[in-house]
Each structure stands twice: as C-alpha cells, then as structure tokens.
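Worksheet: one structure, shown below.
Number of protein chains: 2
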Amino acid sequence: MQTNSEDRGQKWLARGGLRPTRQRLALAKLLVGDGGNRHVTAEGLYADARAAGEAVSLATVYNTLRAFCEVGLMQEITVDATRSFFDTRMDDHPHYFWEDTSEITDAPAEDLVISRLPAAPAGAELTRVDVVLRVRHIA
Amino acid sequence: MQTNSEDRGQKWLARGGLRPTRQRLALAKLLVGDGGNRHVTAEGLYADARAAGEAVSLATVYNTLRAFCEVGLMQEITVDATRSFFDTRMDDHPHYFWEDTSEITDAPAEDLVISRLPAAPAGAELTRVDVVLRVRHIA
DNA sequence: CTATGTGCAAATCTTTTGCAGGCTA
DNA sequence: TAGCCTGCAAAAGATTTGCACATAG
Chain A
56 MQTNSEDRGQ
66 KWLARGGLRP
76 TRQRLALAKL
86 LVGDGGNRHV
96 TAEGLYADAR
106 AAGEAVSLAT
116 VYNTLRAFCE
126 VGLMQEITVD
136 ATRSFFDTRM
146 DDHPHYFWED
156 TSEITDAPAE
166 DLVISRLPAA
176 PAGAELTRVD
186 VVLRVRHIA
Chain B
56 MQTNSEDRGQ
66 KWLARGGLRP
76 TRQRLALAKL
86 LVGDGGNRHV
96 TAEGLYADAR
106 AAGEAVSLAT
116 VYNTLRAFCE
126 VGLMQEITVD
136 ATRSFFDTRM
146 DDHPHYFWED
156 TSEITDAPAE
166 DLVISRLPAA
176 PAGAELTRVD
186 VVLRVRHIA
C-alpha cells in the first residue's frame, strides 16, 4: 500500500542522515518503496519519476543518486562504459548484464563460489571484487 | 629492436585482416611492439603516439581501437564509467583496477578459481564473465 | 580505379557545476 | 535564520559522425 512504501522510503532516507525533501522522498519511494532491489540509471529513474507524476529535475536525480551513494545507501555498478548504474543493494554480489538490452539484474550470490582469489599487489589493498556475468538473449 | 617490433605489429594487423595503413601500423607497434599486453585508453594511446612522433588524430585512434575490437584483436574492458579501456589480451582474465590512479593491470589468472558460477537465466546465454579486483594504494 | 581509411570540426550524449531562489531544522 | 537543496541552463568530458581528401589493393 501507498503509506507503507512512503514509510519505507522515509526510513531509508533517515538512515542515510539526509534531509527528507520532497524530491528525495519521491525518489526514495521509487527506489525502495516496493521492498525489492532496483538497478537504475539516472535517466531511467528520472523517467520513472516523471511517469509517476513527480516533479524532479534530471540534475537533481544525478545529484541525489550521487548523494545516496556517498552516505552508503546505494552503490554504483560499472558495467557499461557509456552509462552509470546504481544499485540499492549494498552487499557484494554478482550481476547479470544483459548486453542486448543494457539491463542489470542480480545474479544469485549463493551460486557464486570463488575458492581462490588473487591477492592485492604489494602496497595495495583490495576494496571490492566486481563480478559481472554478461548475458545475451538467445536469438 | 625496431624491425622486430614493427614486424610484430604488422603481423598482428594482418591477423585481423585490416589494411596496413601508416596510422594503424604505428598504433599496432605501440600496442604489441614489445610483446607485452597493454591496457590503454584512447587518450592515452593518442598521447603515446604523439610522444613517439607519430602523426595520428584522436578520432582515428578511437576509430582504430574500435576496429581492432571488431576484428577480435583487442577487447574492451569496462571498469570505469567515464572512460573506455582496451586490452590487447583476448582471453578471459581478471584485472586489477587501481581506483586512485585509474589504471588497469592484469591479475594472475591462475590465482582465480571460481568453483561455482551462476547459470545463465532461462533464454539467455553467457558471453563473458568479468572479474575486476578494485584496489587502492595504501596511504 | 574503387573501396577504405583518415582528419578535422562539429555534433552527441552523459554527467557535473554555477548560481539564484526555496525549504528543512 | 543558516545552511543545505533544487532547478535551470551552461559547461565539461568522452566518444562519434559528416564530409572532403588520401591511399591500399
């Protein structure tokens, strides 16, 4: 129901310590309102917001996604050199990247087992391991 | 020696079935002349070419890298949303991405063992598995 | 000779930024 | 009220493209 998804967005936003402005609440609701994880591009979220009748500018969508990432509410996923994707799920998990439609979906983390991993080179520390399974719809 | 690296570039180019123009030979020589694998950006290779005294335009570098990828001489690596990287090594291998300097280096493939991998979703086929180890220089 | 390839500049696309006005705490 | 936010438009980067000229086969 509506109220529930609004609450969820509000709490989520509060967790990041960000001011609950109208625009941020609207975007938060779109992002976590239904509970599921979303993988969005700035343009895509902007389109969703407009479709939902929310008045938000594209620049604000960019700034807001960036802000959400900075406070640890989301993370950026790099799979396509031409577009940035953002994920509401914060744990380290693998993704499917659909090359023909440029979409991202979660891959089942329990089905990925890395039994050996290269160590970080001397003088370096490992910050994250990105695993992207590139897939394509069968013709 | 010079002749050797020129030969190498020439043969490499021929393998792709591309016409050996002056510009392509120059870039090929820079890319595979010393035998090692290179990870370059268009801007970076352009700078190298100019430094080597080769007259090549930036647009041609872009077009040429794209052409090399199309004929299977190189592959694009996606690790940074703002820049495209190209790799002369064609097998599927992991990379280190240095977050602080935006550089890419090869990670030892033998140290990566994936004992279980998520299957491609129904109706899809797996084309590649990208593994990027993000690292950072220790302060 | 004909099809490709090249170079320049302009165009495109995504993302960021400057600045004036608006709103939360 | 003070400081953070927002929106618009302009700026900034990276990459691509149109078109006239050059060149490999």
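Protein chains in written order, with my numbering: chain A, 56 to 194; chain B, 56 to 194. Where is the CB? At the ideal position from N, CA and C, for every residue including glycine. Source: prediction; values computed, not measured.
Which residues, in chain order, does the stretch 168–180 of chain B contribute to contact with chain A at a C-beta distance below 9 Å? Contact annotation: in the stretch 168–180 of chain B, residues whose CB is within less than 9 Å of a CB in chain A are VAL168, ILE169, SER170, ARG171, LEU172, PRO173, ALA174, ALA175, PRO176, GLY178, ALA179, GLU180.
Which partner residues of TYR151/B appear in the DSSP bridge assignment? Within the DSSP secondary-structure output, TYR151/B pairs in a beta bridge with THR160/B, LEU188/B.
Verify the CB distance criterion: does MET56/A have a CB-CB separation below 8 Å to chain B? Reliability of the predicted coordinates at MET56/A is poor, the pLDDT of 48 falling under 50, and the value obtained from them is presented with this limitation in mind. Not flagged as an interface residue toward chain B: MET56/A, since no C-beta distance is shorter than 8 Å.
Cβ-based contacts, 7 Å cut-off: residues of the stretch 138–172 of chain A near chain B: Of all residues in the stretch 138–172 of chain A, the ones placed with a Cβ closer than 7 Å to any Cβ belonging to chain B are SER139, PRO149, TYR151, GLU154, ALA162, PRO163, ASP166, LEU167, VAL168, ILE169, SER170, ARG171, LEU172, in chain order.
Under a CB-based cut-off of 8 Å, is HIS192/A close to chain B? The Cβ of HIS192/A sits closer than 8 Å to at least one Cβ of chain B.
Taking the Cβ atom as the reference point for each residue, do VAL186/B and LEU172/B lie within a distance shorter than 8 Å? Note that the C-beta distance between VAL186/B and LEU172/B is not below 8 Å.
When the Cα of ALA122/A is compared with those of GLN78/A, ASP161/A, HIS150/A, ASP89/A, which residue comes out closest? Taking only the C-alpha atoms, the option nearest ALA122/A is GLN78/A.
Output the distance between the C-alpha atoms of TYR151/B and ARG144/B, rounded to the nearest integer angstrom. When rounded, the separation of the alpha-carbon atoms in TYR151/B and ARG144/B is 14 Å.
What whole-angstrom Cβ distance do ASP161/A and VAL184/A have, given they're in contact under 8 Å? About 16 Å; that fails the 8 Å criterion.
Cβ neighbour criterion (16 or more within 10 Å) applied to MET56/A: Caution applies to MET56/A, whose pLDDT of 48 falls short of 50 and renders its modelled position unreliable; the value that the coordinates give is listed next. By the neighbour-count rule (16 or more Cβ atoms within 10 Å), MET56/A is not buried but exposed.
Can you list the residues of chain B that ASP185/A reaches, using a CB-CB cut of under 9 Å? The contacting residues are VAL134, PHE152, ASP185, VAL186, VAL187, LEU188, ARG189.
Selection from ALA114/A, ASP89/A, THR156/A that minimises the alpha carbon distance to ARG189/A: The option with the nearest alpha carbon to ARG189/A is THR156/A.
At a threshold of 7 Å, does GLN78/A count as lining the ligand MG (C-beta to nearest heavy atom)? What this structure holds is no ligand at all, so the ligand MG is not there to describe.
Checking contacts by CB at 8 Å: is THR119/A closer than that to chain B? Put simply, the CB of THR119/A is far from chain B, with every gap to its CB atoms at 8 Å or more.
Applying a beta-carbon distance threshold of less than 9 Å, which residues of chain B neighbour THR96/A? Neighbours of THR96/A in chain B, taken as residues at a C-beta separation under 9 Å, are lacking, since the least C-beta distance is about 10 Å.
THR115/A: first and last residue of the uninterrupted beta strand (DSSP E) it sits in: For THR115/A, no beta strand (DSSP E) encloses it; the enclosing alpha helix (DSSP H) starts and ends at 113–125.
Drop a sphere of 10 angstroms on the beta-carbon of GLY81/B, count the other beta-carbons inside from all chains shown, and report buried for 16 or more, exposed for fewer. Note that residue 81/B corresponds to Ala in the displayed sequence, not to Gly. By the 10 Å Cβ count, ALA81/B comes out buried.
Are there 16 or more other CB atoms within 10 angstroms of the CB of THR119/A, so buried, or fewer, so exposed? It counts as buried.
Under 8 Å from the C-beta of THR23/B: neighbouring residues of chain A: Any answer about residue 23/B is impossible in this case: the structure gives chain B only from 56 up to 194.
So THR133/A and ASP62/B are supposed to be a Cβ contact under 8 Å. How far apart are they, rounded? Wrong, their Cβ atoms sit about 37 Å apart, outside the cutoff.
Does PRO163/A pass the burial test, meaning 16 or more other C-beta atoms within 10 Å, or should it be called exposed? Exposed, by the Cβ-count rule.
With DSSP collapsed to three states, give me the class of GLU61/A. Helix at GLU61/A.
Give me whichever residues DSSP pairs with ILE132/A in a beta bridge. Answer is PHE140/A, bridged to ILE132/A.
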